[in-house]
Structure formats: structure tokens, C-alpha cells
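*Asks:* For the sequence shown, my numbering gives the first residue as 4, with consecutive numbering after it.
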Amino acid sequence: MYQHQLTTLKNGLRLITIPMPQVESITVMLGVGAGSRYESKRINGLFHFIEHMAFKGTKKRPSTLAIATEVDNVGGEFNAFTGKERTAYFIKLAAKHQELAFDLLADIVQNSLFKKEEIERERGVIIEELNLFEDMPMRKVGDVFIRLLYGDNSMGRDVGGKKENIRRIKREDFIREIDHLYFSQNMVLVVAGKVNQEKAKKLANQYFSNLKEKGKKQTKAVKLFQKVSKVKLVYKKTEQAHFCLGVPGFWYSHPDRFVMAVLATILGEGMSSRLFIQIREKRGLCYYVDCSPDFYTDSGYLVARAGVKLKKIEEAIEVVLQEFNHLANKKVGGRELTKAKELIKGRFILSLEDSQNVAGRYTNLALLEKKIRTPEEVMKLTDKVTSEEIQRVAKTIFKPNKLNLAVIGPYQKEKRFKKLLSS
């Protein structure tokens, strides 16, 4: 497994290097502790918008074409992504061209022009992206579920924002929020692949030493306290019903975080999982079905989701509820527990073969988990999970008052679904 090295530059920027001797590529990723969680309702969608604008031109590289040409000239790839609690920009290329990655990433986070004409042009692109997701119920139902779970607060709102917000965001909003959150102590620079620690440190100091050290980051704790079950229907004429059924869960630092991960794997990860066998293989009700946990700095959840036959949605939901109850009422057998752990570890190992995945993992560890666990530590914590712990956690989270059901399909009466959650 890989051994990382952590260095803190004079301005507070953390540099993490992860040598991967077997690869010739390198991924340089700059993570920022900025995302939709830190937006007011008025500017919801702004940090995703900022991410879109990152490659639109700097003083040194005045256009998207100029930036893209430099990366294409060395056969590299560049991209970015935004979540609720972090944004990341990365470039992946052959290791011999790594200086370009440091140079370009430093340039876009410090010198982006945010030209008004580019902002206006990109509004249309983002609105079309939002329109695309509206036409993808398989994806959209997840946003509906999160809004139902969290409510009308910054954690419950979509990362992409609403179209009316995107239309009214101004250049001044970009400049102000970047000034608040884009500072060195709220960032991490991760370099994974064919990397030399000393060279990476030299390049980091060369290109990122001018980052300002402090900003105005403010965080309000978000906790999930739920007294009654909740249902949200989104009416849409579809050929398939899509639903998410889930419960509040744990956060990154919670001692049962790895227990919940194993529990979710038993329920719905892989083609031998309980939900896949019961809903798809035995009953033929769906094409896709899965279950996964999601973790944030102070909250989290577990959710099962599926796309099912319109007339069989109640049956599919009942099966999910039955499997929730089975885990709470009966301990998992040794073979099934071992299989789930090996599945988690095996896929984890496969993900570590790609420098981009490795860089993304360490970016999350530094920004959100606040604790940099080695792959070996993660696998040991997974191995420690017991059947008794899984049953205890299942009894804790799978309670009728904690259930949340989001549905997209040609349905208008919530009452028929509320009955399922209370039965």
C-alpha cells in the first residue's frame, strides 16, 4: 500500500504526496473547503458556478481555448467537481509534465478573470445542466430525498442551485465568496502517482506561496433530529418509478461509521446483496437497486434506491422495509459478514490503482475527515466490524419515525405511501 507524506507550507497550505511507483502518470488536485453548505439561500449554486468558471480564462491564459490547448499539448486531462462541503480542481498527466499542473491550478484559483461575458455564457450552460438532471429521475430522486431529509437549509439544497438563482448571481458574488473561502488554510494540495516529495514541495512553494492565509469561513452545525416519518412525491409521467428510502445516519468521525458502511454493503452493494437478490432476482421488479451510506462532517445518512415497475412500487418498498427489519432483528451470519468486508476491501484496493482516485481520497480525508487514515487502517477498521455491532446499529437507525421516502413517478396521493412506512 502507499505511504503518504504531509507537509505544511509557510502559508498554511497542506501538501500531501502519495508515491505510486507502478504508474507513469500523476494527478495534482487542489481541494477547497467550499461547497453548497456555505451558501445562503440567495446564492445557492454559486460554488458550483465558480467551479464552472475556473477554466474560463486567467490573466496568463485569457481563454478556455488557451487553457485547454496547454493541457491537450501534453495529453493531459483536467476537470473539477463541487459537493456540499468541498470543491476540487485537478489535472492528470504524464509525470514528466507535472509542473504544468502546479502552474495551471495555482493560476486558476488566484487569477481567474471572471469576465462578465463568460459569466453570462456559462449561465446558459449551467441551466441546461440543471434541465438535464430534471429529465433524469434516476438521479433527481436523490436530490428530492436529501431535501426531504434535511429540509430547507444549506445541506438540503441542491449543489447546483435553482435556475432562478443562477440567473441572478452577479460577478460581485463570485469575488466575495472566493475571498471568504479560497485561502490557504482552507485548502489542501494533493499529488498522487509518480511523484517525488522534494520536487512536489519545491513546485508547491513556487506556485502556491502567494495564496492568502486567512478568510472568513463560518460553519453552523447541522444535526438530523427526526420525530416522524416523511414522504415526498414528485409527479412525473414516467415508464418506471424511482424511489429513495433512507434514514439519518452517522458522520465521518462517528465511531459507528464503518459499521454502517458494512451494513449498507450487506443490504445493497453488489449482485449478491440482499436487496438485489430479493427485488431484482427473485421478483424481477427492477433493473437497478442499491444501498449506500453518505457521510459529512457532522451528519450523514443511509439510503436504498431503486427504479421499479409502476404497479409494483409498493411491493418493492415493502421488501426494503423487511430487509431493514431483518438486520435489526437477526444477526448477520459469519459468511455474509465476511463477504461484505471482502467486497469493501477489494473494491477499495481496485480504486487505489488510479492516481485520480487516490488524490480524491486524500483530498476528502484532509478537508472533511480531519484524519488521514492509511489504506491499511481503513481495512483494519472494516475487519473489526462484528455482527453484534451491525444489529445494534440497525436497531438504532431503522426506526419507523426515522424513515424518509422520496418518489418520482405518476403518483399523486402520498397517503398510499405513508401507510407503508407506518405498517
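Where a beta carbon is used, it is the ideal one built from N, C-alpha and C, also for glycine.
Predicted model only: the values in this text are computed from it and were never measured.
1) Whose C-beta lies closer than 6 Å to the C-beta of Gln101 among residues of the same chain, with five residues either side of it excluded?
2) Would DSSP call Ala224 helix, strand or coil?
3) Tell me which same chain residues have a C-beta within less than 8 Å of the C-beta of Lys111, skipping the five on either side of it?
4) Given Leu236, which residues of its chain have a CB within under 6 Å of its CB, disregarding the five upstream and five downstream residues?
5) Taking a contact to mean a Cβ-Cβ separation below 9 Å, would you say Leu305 touches Val231 in this structure?
6) Find the nearest neighbour of Pro500 within the set Arg174, Arg376, Lys344 and Val323, judged by alpha-carbon distance.
7) Below 9 Å between beta carbons: does that hold for His183 and Val128?
8) In this structure, what does DSSP give as the bridge partners for Thr30?
9) Looking at Leu370 and Val191, is the spacing between their C-beta atoms short of 9 Å?
10) Can you find the residues in the same chain that come closer than 8 Å, C-beta to C-beta, to Met141, ignoring five residues on each side of it along the sequence?
11) Please classify Gln325: is it buried, with 16 or more other beta-carbons within 10 angstroms of its beta-carbon, or exposed?
12) Taking the alpha helix (DSSP H) that Phe351 belongs to, which residues open and close that run?
13) Should Asp259 and Glu137 be called a contact, given that it needs their Cβ atoms to be closer than 9 Å?
14) Please look up how many angstroms separate the CB atoms of Lys220 and Asn189, rounded, as I've assumed it's under 8 Å.
15) Would the beta-carbon of Phe84 fall within 9 Å of that of Phe177?
16) Look at the alpha carbon of Lys282 and the alpha carbon of Arg179, and state the distance between them as a whole number of angstroms.
17) Closest by CA to Tyr238, which one among Lys342, Glu321 and Val147?
18) Measure how close the beta-carbons of Phe279 and Asn328 come, nearest whole angstrom, since I'm counting them as under 8 Å.
19) How far does the beta strand (DSSP E) with Lys235 in it reach, from first residue to last?
*Replies:* Walking through what the data contain:
1) The beta carbon of Gln101 is closer than 6 Å to those of Ile29 in its chain, skipping five residues each way along the sequence.
2) Ala224: coil per DSSP, three-state reduction.
3) The question names Lys, yet the displayed sequence has Ile at residue 111. Counting only Cβ-Cβ distances below 8 Å, and skipping sequence neighbours, we find Ala57, Phe58, Thr61, Ile70 and Tyr92.
4) Val410, Tyr414 and Glu417.
5) In terms of Cβ geometry, Leu305 and Val231 do not form a close pair [threshold 9 Å].
6) Nothing can be reported for residue 500: it is not among the residues displayed for the chain, which extend from 4 to 426.
7) Not in contact: His183 and Val128 (Cβ atoms no closer than 9 Å).
8) Thr30 pairs with Lys95 and Ala195.
9) Contact: yes.
10) His245, Tyr291 and Gly310.
11) Classification for Gln325: exposed.
12) For Phe351, the enclosing alpha helix (DSSP H) has its first and last residue at Gly337 to Ser354.
13) Between Asp259 and Glu137, the C-beta gap is not smaller than 9 Å, which leaves the two residues out of contact.
14) Contact between Lys220 and Asn189 holds: CB atoms are separated by about 6 Å, below the 8 Å threshold.
15) No; because the gap between Cβ atoms is not below 9 Å, this pair is not in contact.
16) Contrary to the premise, residue 282 reads as Ile rather than Lys in this sequence. Those two C-alpha atoms are separated by around 49 Å.
17) Check the Cα spacing between Tyr238 and each of Lys342, Glu321 and Val147: the tightest is with Val147.
18) About 18 Å; that fails the 8 Å criterion.
19) In the DSSP annotation of this structure, the continuous segment of the beta strand (DSSP E) that includes Lys235 starts and ends at Lys233 to Tyr238.
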